[in-house]
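Participant: Handing you a structure now.
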C-alpha cells in the first residue's frame, strides 16, 4: 500500500489469517503496518521500481492493531472500534508516544461490517486468488 511519500507493508498473524469474509477477526488477531520512507534519487525525487511503485527506504515506524476480549472498552465511547487497540513503535522497537484518537477516528467509519479494518474487502479478494 503506497502513500505519496511512503510505502506501507501490511502483515497479519495466523489467528487473523483464519478470518472469514463477513465475519469479524477473532480475538488474538494482530494486524501490523510497517511504514517505510520512500527512497529518493540523486535529484531528490522519489525513486520508482520497474513496477512503477515507490522504492522502500528506511523503516520509519510500525503501527499495530490487536484485538482482545473487551479491549476496546477503554476507548472513549464515541471512538470505540470494537475490541481493537492500537500501538505505535519506532524502528528500534521503542514505543512511540502517540495520540490514538486519529487512528480510532479513521477506522470508526468502517464499522462492524468491516470490523474497523481498512482494506477488509481487498484482503479477502486477494486471499481468494
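Numbering (our numbering), first residue to last: 5 to 133.
Each residue gets a CB set at the ideal place from its N, CA and C atoms; glycine is no exception.
1) Classify residue 87 as buried or exposed, calling it buried when 16 or more other Cβ atoms lie within 10 Å of its own Cβ.
2) Is the region 46–63 close to the region 21–29, with three or more CB pairs under 8 angstroms?
3) Candidates 106, 65 and 70: which alpha carbon is nearest residue 39's?
4) Between which two residues does the alpha helix (DSSP H) harbouring residue 108 extend?
5) Determine the closest residue to residue 118 out of 49, 26 and 70, with distance taken between C-alpha atoms.
6) Could you tell me if residue 108 is buried or exposed, where buried requires 16 or more neighbouring beta carbons within 10 angstroms of its beta carbon?
Facilitator: So, from the data block:
1) By the 10 Å Cβ count, residue 87 comes out buried.
2) Because the criterion of three Cβ pairs below 8 angstroms is not met, the region 46–63 and the region 21–29 do not touch.
3) Nearest Cα to residue 39 within the set 106, 65 and 70: 65.
4) In this chain, the alpha helix (DSSP H) harbouring residue 108 covers 105–111.
5) Minimum Cα distance to residue 118 is reached at 26.
6) buried
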